Each structure stands twice: as C-alpha cells, then as structure tokens.
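These protein sequences, in sequence, are chains A and B. Under numbering that gives the first Met the number 0, the first residue of the first sequence is numbered 0, with each subsequent residue one higher. Under numbering that gives the first Met the number 0, the first residue of the second sequence is numbered 0, with each subsequent residue one higher. Note that beta-carbon positions come from the ideal geometry of N, C-alpha and C, so glycine has one too. All figures in this text were calculated on a predicted structure; none of them were measured in a lab.
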Amino acid sequence: MRVEIVLLALGVGACIWALRVLPLRLDMRDVPAGSRWARFFAATGVAAIASLFAAGVIPSLQDAPFATVLGCLSVMGIYAVSGSTVTATIIGSLIYGIAFSYF
Amino acid sequence: MNNSRGLKGAFFSGAMVGVPIVLGYLPIAFSFGVAATRAGLSVVEAVSLSLLIYSGAAQFVAIALIAAGAPFLVAFLTLVGMSLRHVLYGPSLMRAAGQRAHFGAVWGFGLTDEVFGAALAALARGQVFSDRFMLALAGSAYAAWVGGTYLGAMAGAAALQDWPMVDATLGFMLTALFLALLLSILRAAQMTIIVVSVGVVAVVGAFVSPVAGLLTGMIAGAIVGTVRDAG
C-alpha cells in the first residue's frame, strides 16, 4: 500500500468532509423567509437536481438516443401513475436496459 | 413506545428512500473498483479512496491522476476543486428541513449529490427531517459505495461484460433517479430554473468541462431562481 495514495485520500477526504459538514452548522432558521438567501437556497435544490440530471442524460443521449428517450419517458409515465420515485427509477432503468440491448 | 416506533420509522424511511441510490451506486462503485485495480491500485488502496473520499467523479479522476504520476499538490487541488459544489447542499437541505441537524458531523460526510437530491425530494413530499432519517439514507448509500468498490476490485476487469443488459440498466439508474426526483419536487414556477440549469450544463459542459458545467449550471439556476422570485 502506497503511503502517498492514502495521504492524498486523507487530505481530499478531510476537505470534502468540511465542504459537506461545516455548512450544516449554519442555522438556517435565522434566514428570514423571502430574503435573498432564502430564495437562493430554495432554488439551489431544484437547480442542483436539474443540473445532475442534465450531466447524466446528455452523454447518454449521445451514446444511445432511443434507449435514453424511452427510459426517460418511462420514468415520467411510471411516476405519473405510481407517484413513487423508487418504482419509477427501477422500472425506467429496466426499460432503458432492455431498449439498449435490443434496439 | 410511540417515540421508539417513530425513531424506527424514520430509520426505515431513510433506508427506503435510499434504495434507488444503493442500486445505482453498486454498479458505479463496482466499475470504480475494476478501474482502480486496472490502473495498478491494490484492493486496499481502491477501497481506501472510496472510504475516505467518497465522491465518484473525484475518485475516477484520482485514478487518472495517480496513473499519470501527477504531483501531489496538483492532484489534491484538482480533486478538492471538483467537489466545491457540495458546500451548497447543507444550507439548502437545512433550509428545507426548517430545523438544525444535531448529528450532522456523523451523517454529513454522506451528503453526496444523490443523497442530497433524495433527501430534498422526500422533505418536499412531507417526510419529517431527523438525524436518524439522514443517517439511514446516507449510511445505506455509503455502505453500497464502499461495498461495490470492494467487489469490483476483487472481481477485476470485464466482470459485467457478459451481462450487457444488467450493465446498461444499472448504468442508467442514477440518471433515472435524478429525473424522478426532479418530477417529485417539480412546480410550474420552477421551469425557468430547470431550463437555465440544463442549458448551462449543456453549453459549459460541451465547451469547458463536464465538472465546470455541473457547478455553473447549479449556480446559474440558483441565481435565476433568486432574481426571478424577487420580481
């Protein structure tokens, strides 16, 4: 086991721990509703999830456009029917996998 | 008795919300384990990266940097820089929770992109925030990530090549999860934020880098949401 790899992992891990944990200590109850910061953090959640979806779906569309579109439509359809993110994710992924393999 | 049932319920809810993340993390972590051993890392070194860094994109880049013999400081700054977006997650989550986290130091390291998204969506659907809920959600995802890395490092290259449908299904799981999470918190008023975020990720990702696209997409969407709601 190389010491430099473990040291790198320790150093980066400590910084990531700080980036994830220390902001949790901010008391967000003190931020007035409707204030600029309240609006910013409310919008951050939607923006983050939309960005993460885009970062995953864009390369997938380039690799397997039909399977990706079918998988996404399946997730939307199953979520509309079931209202469950778990069911929509699992069945939508399965339909993507089948389309990817056979079309 | 009721309190005990409530605590168990929060733990169970967290574990259930974490199911798609676990299913999505296992194959990616498995792939990481395979890639790490292929790049010359030992099983212990590969698992150490997952245990200590616990950030998929940063870990894959770490392998490339280590294999290329990048200087320590360059590798360190690159990997930390890739993870800067995580600083936004804690305040956003606690704002939605409406209370303080007493054991954030315990589960906060597990606040990855997927755990953040799943927790936020669960709160939007009426889940009551608690440290136990977050511990179960973040803990199950972390266990899947470290376990998947170990299995991948032990299995070696080409482990899933004979199972292309399984490989494809599992590979799409996180994209499907983010879409489902987006649907679960979607309101008509948020369409502008989504369009701006997706557009910035596409443009910056294509012309600069995927990581830069992700960070600027989040910030651009959040700024648009802040400015628009003020009007």
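> Which bits of chain A does G147 of chain B rub up against, with CB to CB less than 8 Å?
Replying inline: Within 8 Å Cβ-Cβ: nothing; G147 of chain B doesn't reach chain A, min ~16 Å.
>> Is there a Cβ of chain B sitting closer than 8 Å to that of D29 of chain A, yes or no?
In response: Taking Cβ atoms only, chain B never reaches closer than 8 Å to D29 of chain A, which makes this a no.
>> Is there a Cβ of chain B sitting closer than 8 Å to that of L72 of chain A, yes or no?
In response: No, L72 of chain A does not count as interfacial toward chain B.
> Would you call the CB atoms of G216 of chain B and V226 of chain B closer than 8 Å?
Replying inline: Not a contact, by the Cβ cut-off of 8 Å.
>> Which residues in chain B have a C-beta closer than 8 Å to the C-beta of L25 of chain A? List them in chain order.
In response: Here the neighbours are G89, P90 and M93.
>> Tell me which residue opens and which closes the alpha helix (DSSP H) that F29 of chain B is part of.
In response: For F29 of chain B, the uninterrupted alpha helix (DSSP H) segment begins and ends at V18 to R37.
>> Less than 7 Å between C-beta atoms, sequence neighbours within five positions excluded: which residues of the same chain meet that for M0 of chain B?
In response: In this predicted model, M0 of chain B has a pLDDT of only 44, less than 50, meaning its place in the structure is not dependable; the value taken from the coordinates is given anyway. Sequence-distant Cβ neighbours of M0 of chain B in its own chain, meaning closer than 7 Å and more than five residues away, do not exist here.
> Using the beta-carbon of each residue, which ones in chain A are nearer than 9 Å to A67 of chain B?
Replying inline: Close partners of A67 of chain B in chain A (Cβ separation under 9 Å) are lacking, with about 13 Å as the shortest Cβ gap.
> What first and last residue would you give for the alpha helix (DSSP H) that runs through S54 of chain B?
Replying inline: Under the DSSP assignment, S54 of chain B falls outside any alpha helix (DSSP H); it carries neither an H nor an E label.
>> Using beta carbons (cut-off 8 Å, strictly below), is V80 of chain A in contact with chain B?
In response: Chain B, which has no Cβ nearer than 8 Å to the Cβ of V80 of chain A, makes this no.
> Three-state secondary structure (DSSP) at G89 of chain B?
Replying inline: Annotated three-state conformation of G89 of chain B is helix, per DSSP.
>> Whole angstroms are fine: how far does the CA of S59 of chain A sit from the CA of A49 of chain A?
In response: Taking the Cα positions, A49 of chain A is about 15 Å away from S59 of chain A.
>> Contact between the region 201-209 of chain B and the region 81-93 of chain A is defined here as three or more beta-carbon pairs at a separation below 8 Å; is this criterion met?
In response: Between the region 201-209 of chain B and the region 81-93 of chain A there are fewer than three inter-stretch CB-CB distances shorter than 8 Å, so the stretches are not counted as touching.
>> Please tell me whether G13 of chain B has its Cβ less than 8 Å away from any Cβ of chain A.
In response: At a cut-off of 8 Å, the C-beta of G13 of chain B has no neighbouring C-beta in chain A.
> Mind checking if F132 of chain B is an interface residue toward chain A, Cβ cutoff 8 Å exclusive?
Replying inline: Answer no: the Cβ-Cβ gap between F132 of chain B and chain A never drops below 8 Å.
>> Once the 5 residues before and after L110 of chain B are set aside, which same chain residues still bring their CB inside 6 Å of it?
In response: The beta carbon of L110 of chain B is closer than 6 Å to those of Y88 in its chain, skipping five residues each way along the sequence.
> Do G107 of chain B and V20 of chain A come within 8 Å of each other at the CB atom, strictly closer than that value?
Replying inline: Yes; because the gap between Cβ atoms is below 8 Å, this pair is in contact.
> Excluding the five sequence neighbours on either side, which residues of its own chain have a C-beta within less than 7 Å of the C-beta of G230 of chain B, listed in chain order?
Replying inline: Legend: pLDDT at G230 of chain B = 47, less than 50; position of this residue unreliable, no value from coordinates given.
> chain B beta carbons: is any one of them nearer than 8 Å to that of F102 of chain A?
Replying inline: By this cut-off, F102 of chain A is not an interface position.
> How many Å lie between G170 of chain B and F29 of chain B at the Cα?
Replying inline: Just so you know, the alpha carbons of G170 of chain B and F29 of chain B end up roughly 11 Å apart.
>> For A38 of chain B and A219 of chain B, what's the separation of their Cα atoms in angstroms?
In response: C-alpha separation (whole angstroms): 36 Å.
> Going along chain A, which residues have a C-beta under 7 Å from Q126 of chain B?
Replying inline: Chain A residues near Q126 of chain B: none, gap ~12 Å exceeds 7 Å.
> Is the distance from the Cβ of D26 of chain A to the Cβ of R94 of chain B below 8 Å?
Replying inline: No.
> Taking all protein chains shown into account, do 16 or more other C-beta atoms lie within 10 angstroms of the C-beta of V223 of chain B, making it buried, or fewer, making it exposed?
Replying inline: It is buried - the Cβ of V223 of chain B has at least 16 other Cβ atoms within 10 Å.
> By Cβ distance, which residues of its chain are closer than 7 Å to L213 of chain B, with the 5 residues on each side in sequence left out?
Replying inline: Only R84 and V200 meet the Cβ criterion.
> Can you tell me whether L9 of chain A is buried or exposed, with buried defined as 16 or more other CB within 10 angstroms of its CB?
Replying inline: Exposure of L9 of chain A is indicated by the presence of fewer than 16 other C-beta atoms within 10 angstroms of its C-beta.
> Hey, G91 of chain A and V74 of chain A: beta-carbon distance below 8 Å or not?
Replying inline: Yes, these two residues count as a Cβ contact at 8 Å.
> Between which two residues does the alpha helix (DSSP H) carrying G67 of chain A extend?
Replying inline: For the record, residue 67 of chain A in the displayed sequence is Thr; it is not Gly. T67 of chain A -> alpha helix (DSSP H) spans P64 to S81.
> Can you name, in chain order, every residue of its own chain whose Cβ lies under 8 Å from the Cβ of L119 of chain B, other than the five neighbours on each side?
Replying inline: Correct list, in chain order: S91, L92, A95, L180 and I184.
>> I need the DSSP call for P31 of chain A, collapsed to helix, strand or coil.
In response: Per DSSP, reduced to three states, the secondary structure at P31 of chain A is coil, with no helix or strand assignment.
> Which whole-angstrom value describes the C-beta separation of A152 of chain B and Y24 of chain B, a residue pair presumed to lie in contact below a C-beta threshold of 8 Å?
Replying inline: Going by Cβ atoms, the distance from A152 of chain B to Y24 of chain B rounds to 15 Å, so no, they are not a contact pair.
> When Cβ atoms are compared, which residues of the region 182-206 of chain B fall closer than 9 Å to chain A?
Replying inline: Against chain A - using a Cβ distance shorter than 9 Å - the residues of the region 182-206 of chain B are L182, S183, I184, L185, R186, Q189, I192, I193, V194, V195, S196, V197, G198, V199, V200, A201, G204 and A205.
> Just to confirm, are F115 of chain B and L122 of chain B a CB contact at a threshold of 8 Å?
Replying inline: No, Cβ-Cβ distance for F115 of chain B and L122 of chain B is not below 8 Å.
> Excluding the five sequence neighbours on either side, which residues of its own chain have a C-beta within less than 7 Å of the C-beta of M81 of chain B, listed in chain order?
Replying inline: Sequence-distant Cβ neighbours of M81 of chain B in its own chain, meaning closer than 7 Å and more than five residues away, are A56, A57, V60 and V210.
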